[in-house]
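Protein chains in written order, with our numbering: chain A, 1 to 373; chain B, 374 to 746. As structure tokens, the structure follows; a few thoughts come after it.
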């Protein structure tokens, strides 16, 4: 295997495939990238136990040669070292040459590196074919779907299924649900394709994937019973699925409320940010006290003291009400709505409440209050 | 104690005095700032075991009232909480009011905080009077003195005296020396004052102090046998001294050399940065191979491979020579010189070598080579 390759395109593909490599992976194979030069171009594959990324550098981009002077072949090479070397090289063209299957010579005419490498046969065989239900959607739509829901998934592995984002397609809609059992977030988007499936994809993986889109416009998604595959702009990402059945959450979002608070999102975030300075590290419990002529947020901490702040601009409908909650949940929900004003709808002091954007019914954030004494 | 104070000036003084507070100090007293409103203004004092900072907010700056509506008094209050609260408040004027000696009410008309506090009598009595040898110098000169030498001090406490920057004044010169026993850095500056003293100040403290100067022009320095005191622009910083005698280092800088390499500083730094990607985490040993027509840096790593790089622009005088060294030491030395070109003078393969700026004899960096096999 040998080639001359544009430094810029090589580095871009290394950084992309390298996102699947866990830092300081003790397993030498999984700390490596597989480089495979074939008739399609240079395919670079990085993988960890749950996600695989393949990034392809083509021979030509438009009229411009990207890979020249090449002999096909493949090798396995340490991801961190190769990426750092290519990043720091100053030449525009990098020569990459595998000698005796065990040494990769990397040279830009000025710096010359000989990196230990091994044969690609040692790499696990990873299925990157699009099987099952295949459809496309705009990258921006998938990004919105994931960013407005996945944050509510659990990060703890006690109930492993709750680390997933649950996706359900049907009736030309795709609905994403995440819950860590103290809060739930649901977002729905329209689909062109008339397809139907249910699957549970690690929420963390989906957030990583939508952050890789950069300038890509359209993503092809293939959902099978073994994996979810996302293809965009020269990159293919495969994610494992989370095994098990997702809890049934359809009916738990209440429809009838007795109290309604409409506030400016930024003002409520700033006020909560200030008073929660006093909250203890472990959890940040804030009390919201509402009546038709006064809304305030407050915190009491035995150790530190107390704080309260009046909200200046609000519209409140209902009897006097006090509700306490984990402020991080409300902050996450408000940020996910990306709306200037938010509406919070309460049933009663100790019943779950809903944070939503009055002008956009496609997203709902449900939060369980906390008891304070 | 009560006052209204400009948020901007209050925050600036809190941040300044707070630099002495160790993060998450378990001792409630040392995690606190002492606030003392007296006839000079609001004095804010923060301290850790080795350094104390006093920052003063005056009643007026020019014609502008900074503190109004005041009653003198003092209190002790958690540094982190008070600073975060003041930082996040949106009002321009903050009211600060101590009630019953145990609660500080902090209010900007919008947010209202009640912070637990204690009486200032519990705070240790700290001497902040300028005793001993007192002199002034430009802040920029002290900054240069410290930044070009202190980095070479030891960060390990086995030989505690080597964590100090050694200062010696005499003959209208101030000479700073730091060594961790594998390298030594010495910088000398001219003094207006005809004074004479020797002292050892923690190198870390001096680096912190020169980074506090901001817009200050002149610093007053007072060196006694118990402490070093630095006064500038409304701030007083007291540092402990490192006990013990500093090793005699005068004669260890060699004067005669057999090999001279002159290179562009940035080119050598970039080349060393690239090849040391291959060095192991623990230490980064680089070999410099020099002859009159070729200079190259190289690294060999059993685990990772090898790298070498030719230096493009150089001037070398002497026989062929190979020297290995810890690249971090040479990188630190070159950066401290702040010079476009650097000269490295060698005696022999295994003897200490000197890195210097050919145009500035006031600073010398001495480095011990390493043996490679």
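Heads up, the beta-carbon is just placed ideally off N, CA and C, and yes, glycines get one too.
Measure the beta-carbon distance from residue i to residue j and round it to whole angstroms, keeping in mind my assumption that it falls under 8 Å.
| i | j | result |
| --- | --- | --- |
| residue 328 of chain A | residue 362 of chain A | Incorrect: roughly 23 Å between the Cβ atoms, too far for contact. |
| residue 352 of chain A | residue 367 of chain A | 6 Å |
| residue 75 of chain A | residue 117 of chain A | 5 Å |
| residue 295 of chain A | residue 325 of chain A | With 8 Å as the limit, residue 295 of chain A and residue 325 of chain A do not qualify as a contact, their Cβ atoms being about 14 Å apart. |
| residue 152 of chain A | residue 179 of chain A | 6 Å |
| residue 54 of chain A | residue 17 of chain A | 7 Å |
Per DSSP, what are the beta-bridge partners of residue i in this structure?
| i | result |
| --- | --- |
| residue 259 of chain A | A/346 |
| residue 236 of chain A | A/54 and A/231 |
| residue 453 of chain B | Its beta-bridge partners do not exist; DSSP assigns none. |
| residue 575 of chain B | B/537 |
| residue 66 of chain A | According to DSSP, residue 66 of chain A bridges with nothing at all. |
| residue 296 of chain A | A/289 and A/310 |
| residue 97 of chain A | A/2 and A/105 |
| residue 549 of chain B | B/540 and B/560 |
| residue 137 of chain A | A/219 |
| residue 714 of chain B | B/637 |
| residue 416 of chain B | B/409 and B/429 |
| residue 491 of chain B | B/449 |
| residue 486 of chain B | A/307 and B/479 |
| residue 325 of chain A | A/286 |
| residue 739 of chain B | B/557 and B/727 |
Along chain B, in chain order, which residues have C-beta atoms closer than 7 Å to that of residue i?
| i | result |
| --- | --- |
| residue 244 of chain A | Under the 7 Å cutoff, chain B gives no residues; its nearest Cβ is about 40 Å from residue 244 of chain A. |
Shorter than 8 Å from the beta carbon of residue i to some beta carbon of chain B?
| i | result |
| --- | --- |
| residue 287 of chain A | no |
| residue 88 of chain A | yes |
| residue 274 of chain A | yes |
Is there at least one Cβ from chain A nearer than 8 Å to residue i's Cβ?
| i | result |
| --- | --- |
| residue 590 of chain B | no |
| residue 759 of chain B | What the structure shows of chain B is the stretch from 374 to 746, and residue 759 of chain B is not part of that stretch, so it cannot be assessed. |
| residue 476 of chain B | yes |
| residue 454 of chain B | yes |
For residue i, go through chain B and note every residue whose CB falls closer than 8 Å to its CB, in chain order.
| i | result |
| --- | --- |
| residue 294 of chain A | None at all; the shortest Cβ gap to chain B is about 14 Å. |
| residue 84 of chain A | 650 |
| residue 145 of chain A | Result: empty, since nearest Cβ-Cβ is about 33 Å, beyond 8 Å. |
Name the chain A residues whose beta carbon is nearer than 9 Å to that of residue i?
| i | result |
| --- | --- |
| residue 484 of chain B | 271, 274, 275, 307, 308, 309 and 310 |
For residue i, go through chain A and note every residue whose CB falls closer than 8 Å to its CB, in chain order.
| i | result |
| --- | --- |
| residue 388 of chain B | Neighbours of residue 388 of chain B on chain A: none; closest Cβ ~15 Å, over 8 Å. |
Short of 8 Å Cβ to Cβ, which residues in the segment 671-686 of chain B face chain A? Listed by position, the residues of the segment 671-686 of chain B near chain A (Cβ gap below 8 Å) are 676, 677, 678, 679, 680, 681, 682, 683 and 685.
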